[in-house]
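What follows is a short report on a single structure.
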């Protein structure tokens, strides 16, 4: 079943710099929000389409986002936080049909497309991670967070209620300012032992209104077993005399495609400048990608010698045209300036083949 809700909002939000313009909202559409980490499908496509600017034409580079724009128009991009039904009143499975969970109204139906190339957020499996949900307007309520079951294939399987497992439920989580897209709710979620690409689904059910919000986040779990128990270990053979240890390898590191080192060069009230040095492994590089997650709401304002994109707090930097090809042990660096609060913990950076 589809129901249509109306908003009167004009918004301009950029991936690395944020500005907003808001006009009068009807009383039935006062709460707005979506996951910024892991990035909801609508937020991730908005970030992809704006490319870090605060306005102008939408130009997605991701194929799925481009098709959603062609089918659904600008509205769900500029209103990425407004994927709602105003009168569901807790009857979510009655109002939201199977196959329409990511876009339960006509305005957002383009985001229901069954495909595996939506922008994704990498998450560690079987651990606790802090989730961030934008609070365009704050209201009391409960967040129900689900994940797709083992065996779900986003390339072929439509998202249904039966394909979801409830992993978290929280009522009135803490609220803070300074998120990547303004005020945000935040809370810890115990992630399951899964592997590969999945969909995380959240329902934000207001307690002061019959309104509810529905959002999908496309994620890739790393380090999990996919829910499969470890096989029984085979009997260990009799130990053999240990050979003399090989000397430790020197730079470049053996077996690694590349490594990255993060350094804060300068810091001031409300901001800082950082540099990341990339070093090629023993086989050199033909392009590289560095990624990290900011834990304290830091936001990049400008960058050089690399192309940066972000999905919420998760940032990816790819080489520029002139510094992607590195010989074994050769290094290149890129830098950026960013805003920060009172805490600016340096993230763990990883380097890999793009």
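Numbering (mature numbering (1 follows the signal peptide of the UniProt record, and there is no 0)), first residue to last: -24 to -1, 1 to 330.
Where is the CB? At the ideal position from N, CA and C, for every residue including glycine.
Quick caveat, the model's predicted, so the values are computed rather than measured.
| query | result |
| --- | --- |
| When we look at the beta-carbon of residue 316 and count the other beta-carbons within 10 Å, is it buried (16 or more) or exposed? | buried |
| Can the beta-carbon of residue 314 be found less than 9 Å from the beta-carbon of residue 277? | yes |
| Let me check one thing: in DSSP terms, what residues is residue 191 bridge-paired to? | 178 |
| Closest by CA to residue 311, which one among 272, 98, 248? | 248 |
| Kindly list the residues whose CB is nearer than 6 Å to the CB of residue 166, restricted to its own chain and excluding five residues on each side of it in sequence; keep chain order. | 104 |
| For residue 251, write down the residues that DSSP places opposite it in a beta bridge. | 239, 311 |
| Take residue 114 as the anchor and find which of 151, 134, 120, 93 has the nearest alpha-carbon. | 151 |
| Residue 268 to residue 291, Cα distance in whole Å? | 5 Å |
| Counting along the chain, where does the alpha helix (DSSP H) carrying residue 333 start and finish? | Absent from the model: residue 333. The displayed extent of the chain is -24 to 330, so no value can be given. |
| Does the Cβ of residue 245 have 16 or more other Cβ atoms within 10 Å, making it buried, or fewer, making it exposed? | exposed |
| Under 8 Å by Cβ, that's how I've got residue 327 and residue 234 pegged, so tell me the actual separation to the nearest angstrom. | 4 Å |
| Could you tell me how far apart the beta carbons of residue 175 and residue 194 are, in whole angstroms, since I believe they sit closer than 8 Å? | 6 Å |
| Do residue 199 and residue 237 count as a contact pair if the criterion is CB distance below 9 Å? | no |
| Tell me where the alpha helix (DSSP H) around residue 324 begins and ends. | Premise fails: residue 324 is in no alpha helix (DSSP H) and is neither H nor E. |
| Quick one: give me the first and last residue of the alpha helix (DSSP H) that residue 298 is part of. | Where residue 298 is concerned, there is no enclosing alpha helix (DSSP H), given that its DSSP letter is neither H nor E. |
| Can you give me the Cβ contacts of residue 201 inside the same chain, cut-off strictly under 7 Å, excluding the 5 residues immediately before and after it? | 169, 171 |
| Quick one: residues in its chain with C-beta nearer than 8 Å to the C-beta of residue 307, no 5 flanking neighbours on either side, listed in chain order? | 253, 254, 255, 256 |
| Could you tell me if residue 32 is buried or exposed, where buried requires 16 or more neighbouring beta carbons within 10 angstroms of its beta carbon? | exposed |
| Measure how close the beta-carbons of residue 63 and residue 18 come, nearest whole angstrom, since I'm counting them as under 8 Å. | Residue 63 to residue 18, Cβ: 21 Å. No contact. |
| By DSSP, does residue 115 sit in helix, in strand, or in coil? | coil |
| Quick check on DSSP: helix, strand or coil for residue 89? | coil |
| Assuming residue 10 and residue 40 form a contact by the criterion Cβ under 8 Å, report the distance between their Cβ atoms to the nearest whole angstrom. | Actually they are not in contact, since the Cβ atoms of residue 10 and residue 40 sit about 17 Å apart, beyond 8 Å. |
| For the beta strand (DSSP E) that residue 13 lies in, which residues bound it at each end? | 11 to 13 |
| In the DSSP output, what is residue 8 paired with across the bridge? | 113 |
| Leaving out five residues on either side along the sequence, give the residues of the same chain with a beta carbon under 6 Å from the beta carbon of residue 183. | 116, 117 |
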